[in-house]
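Presented below is the structure to which this report refers.
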DNA sequence: CTACTGATGTCTACGCTGTAGACAATAGTA
DNA sequence: TACTATTGTCTACAGCGTAGACATCAGTAG
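Residue numbers (the numbering used here), protein chains in the order written: chain A, 84 to 300; chain B, 84 to 300.
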């Protein structure tokens with residue numbers, strides 16, 4: 084007997100809000116119900132189980148990416164980079180949902196739309212389909228990992244009392260200790276992303292038969 | 084009153100066996116206890132909570148990697164590749180544990196040992212520490228993603244009735260449909276890994292001041 | 001207007017989870 | 001022999017996802 088009736092969209096957006104605000108572990112059917120002032124079981128009139136609710140949340144996040152925002156007149160390298168950056172930005176806007184996305188993307192149309200767009204950018208530039216898939220796979224997983232890592236200190240590492248390496252014996256791991264001290268493991272994650280993207284783009288360029296991007300009309 | 088007394092190692096190896104055999108979801112404290120013919124609560128005499136048990140499982144898997152197996156006389160590119168390949172091979176030997184490793188590596192000495200080794204290979208070759216970190220981050224996340232994806236069809240996708248893209252409208256996603264038909268999304272995952280590694284290595288080579296690998300004595 | 005039908009929200013209950021706290025039994029030492 | 005620390009057992013609690021019965025309502029056919 085809520086306002087005027089539950090909808091799938093209300094469930095999805097409430098679920099995403101819970102995840103954003105209080106983390107993935109806070110999203111339970113009971114919590115979802117109480118958020119919508121409704122019996123926990125009411126959700127099951129609109130979704131078959133919690134798994135599909137999670138899929139819908141992933142779809143909601145992935146649909147925030149505007150694949151048409153990349154300027155078509157730019158060279159393919161820049162378009163690919165722009166798409167990847169906006170993908171990462173979207174994940175960073177919902178870092179608590181990143182594990183979800185890493186696990187359950189490639190299912191709904193919203194996610195596939197982004198992948199298809201990236202594939203087209205690369206194959207239009209002359210890349211092999213297999214190499215293009217390798218590139219988005221690597222970039223997608225990396226972005227999810229980065230977004231997840233960026234929120235790990237907030238949600239999860241509070242159980243381990245601080246940074247991942249805090250309290251580690253610096254002797255035996257001199258390079259890691261040095262990197263941790265320089266903040267390269269947490270602050271420099273955007274650099275990680277850029278480095279990987281540039282590496283993949285350069286590899287695609289090297290493999291492409293023509294020296295510069297071909298333009299197939 | 085079991086055989087002669089529980090140990091942390093018995094718990095860890097039993098936990099890993101459960102994960103390997105029946106998946107991550109099958110690992111509960113009750114199941115762990117029944118596997119060892121012991122009360123579920125007995126485990127808590129040796130570990131503070133389930134989370135540290137999971138950390139131990141990650142450590143056990145990571146410790147299977149033999150970082151000294153890579154021939155030190157090889158050029159750094161080959162050594163890095165060998166290390167990455169043996170990392171992926173280890174993950175593929177425990178695909179059900181891959182999500183665990185993606186989430187909880189960089190905590191115990193066993194994991195850090197591998198990372199430190201990779202860092203040293205790269206920095207010895209003249210790479211910047213930041214670039215080296217970017218490389219292992221990307222490779223590590225990618226390997227975990229690949230291992231996870233390779234088992235996803237077994238453990239998880241049985242709920243979604245088959246391959247990720249099965250039952251998708253091919254129109255609208257022509258490239259993805261083509262890739263799925265060619266098996267590039269499941270069979271070609273090793274190629275994804277090789278492509279990414281080669282790309283990262285090439286990027287490191289390009290950034291390194293000296294054209295070929297320097298040898299610091 | 002009545003009676004039926006389908007949709008939607010509610011309630012109770014089951015088996016599962018991690019784990020706190022009391023109790024029992026055993027091993028090692030003074 | 002008596003005390004103590006360690007380790008396994010038992011019971012119990014709050015939480016989880018969700019199956020199934022029941023209640024309430026909107027819309028339609030007679």
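Just so you know, even glycine gets a beta-carbon here, dropped at the ideal spot from N, CA and C.
>> If distances are taken between C-alpha atoms only, which option among 90/A, 223/A, 89/A and 187/A comes closest to residue 137/A?
In response: 187/A
> the segment 205–232 of chain A: which residues have C-beta closer than 7 Å to a C-beta of chain B, in chain order?
Replying inline: 206, 212, 213, 214, 216, 217, 220, 221, 224, 225 and 228
> What in chain A is Cβ-close to residue 199/B, meaning under 7 Å?
Replying inline: 256, 258 and 259
> residue 105/A: buried (16+ other C-beta within 10 angstroms of its C-beta) or exposed?
Replying inline: By the 10 Å Cβ count, residue 105/A comes out exposed.
> Got a sec? Which residues, its chain only, sit under 8 Å from residue 89/B by beta carbon, not counting five neighbours each side?
Replying inline: 119, 121, 125, 126, 128 and 129
> Roughly how many angstroms lie between the CA atoms of residue 264/B and residue 254/B, to the nearest whole one?
Replying inline: 14 Å
>> Does the contact criterion of 3 or more C-beta pairs under 8 Å hold for the segment 206–213 of chain B versus the segment 145–156 of chain B?
In response: The segment 206–213 of chain B and the segment 145–156 of chain B do not touch, with fewer than 3 CB-CB distances between them shorter than 8 Å.
>> Counting C-beta neighbours from all protein chains within 10 Å, is the total for residue 92/B 16 or more, i.e. buried, or is it exposed?
In response: exposed
>> With a threshold of 6 Å on Cβ separation, who are the neighbours of residue 99/A within its own chain once the five nearest residues in sequence on each side are excluded?
In response: 140 and 143
> When the distance is taken between beta carbons, is residue 184/B closer than 7 Å to residue 232/B?
Replying inline: no
>> With H, G and I counted as helix, E and B as strand and the rest as coil, what does DSSP make of residue 281/B?
In response: helix
> Going straight from the alpha carbon of residue 278/B to that of residue 107/B, what length do you get?
Replying inline: 29 Å
> Do residue 35/A and residue 272/A have their CB atoms nearer than 7 Å?
Replying inline: It is not possible to answer for residue 35/A, since the shown part of chain A is limited to 84 through 300.
>> Residues of chain B with CB closer than 7 Å to the CB of residue 274/A, please, in chain order.
In response: 213 and 217
> For residue 202/B, which residues in chain A fall below 8 Å Cβ to Cβ?
Replying inline: Simply 258, 259 and 262.
> What distance in whole Å lies between the Cβ atoms of residue 170/B and residue 148/B, which are believed to be in contact at a cut-off of 8 Å?
Replying inline: With a Cβ gap of about 6 Å, residue 148/B and residue 170/B count as contacting.
>> 7 Å is my cut-off, CB to CB: does residue 193/A come that close to chain B?
In response: Cβ-Cβ to chain B under 7 Å: no for residue 193/A.
> residue 299/A to residue 282/B, Cα distance in whole Å?
Replying inline: The predicted model places residue 299/A with a pLDDT of 45, which falls under 50 and marks its position as unreliable; any figure quoted below should be read in that light. About 25 Å.
>> Taking its Cβ as the centre, do 16 or more other Cβ atoms sit within 10 Å of residue 172/B, making it buried, or is it exposed?
In response: Burial is judged here by how many other beta carbons sit within 10 angstroms of a residue's own beta carbon; residue 172/B has fewer than 16 and is exposed.
> What number of angstroms, rounded off, separates the C-alpha of residue 159/A from the C-alpha of residue 113/B?
Replying inline: 54 Å
> Could one say the Cβ of residue 175/B lies closer than 7 Å to chain A's Cβ atoms, at least one of them?
Replying inline: Not a single C-beta of chain A is nearer than 7 Å to the C-beta of residue 175/B.
> How long is the line joining the alpha carbons of residue 196/B and residue 146/B, rounded to whole angstroms?
Replying inline: 9 Å
> Hey, would you say residue 110/B sits closer than 7 Å to residue 101/B, going by beta carbons?
Replying inline: yes
> In the segment 136–160 of chain A, which residue ranges form an unbroken alpha helix (DSSP H) of at least 4 residues, counting only runs that do not cross its ends?
Replying inline: With a minimum length of 4 residues, no continuous alpha helix (DSSP H) run stays inside the segment 136–160 of chain A.
> Taking the C-alpha atoms as reference points, what is the distance between residue 286/A and residue 285/B?
Replying inline: 7 Å
>> Could you give the first and the last residue of the continuous alpha helix (DSSP H) run that contains residue 99/B?
In response: 91–105
>> Distance check for residue 178/B and residue 202/B, CA to CA, integer angstroms please.
In response: 25 Å
> Cβ of residue 283/A less than 7 Å from any chain B Cβ?
Replying inline: Output row for residue 283/A: interface = yes.
> Looking at the unbroken alpha helix (DSSP H) that takes in residue 207/B, where does it start and where does it end?
Replying inline: 192–207
> In the structure shown, what three-state DSSP assignment does residue 276/B receive?
Replying inline: helix
>> When you compare the CB positions of residue 288/B and residue 256/A, do they come within less than 7 Å of one another, or not?
In response: no
> Under a Cβ-count criterion, where at least 16 other Cβ atoms within 10 Å of its own Cβ denotes burial, should residue 117/A be classed as buried or exposed?
Replying inline: Label assigned to residue 117/A: exposed.
>> I'd like to know whether the C-beta atoms of residue 220/A and residue 275/B end up nearer to each other than 7 Å.
In response: Yes, Cβ-Cβ distance for residue 220/A and residue 275/B is below 7 Å.
> To the nearest angstrom, how far is it from the Cα of residue 291/B to the Cα of residue 290/A?
Replying inline: 21 Å
> For residue 174/B, which residues of its own chain have a beta-carbon under 7 Å away from its beta-carbon, when the five flanking residues on both sides are left out?
Replying inline: 181, 184, 226, 227 and 230
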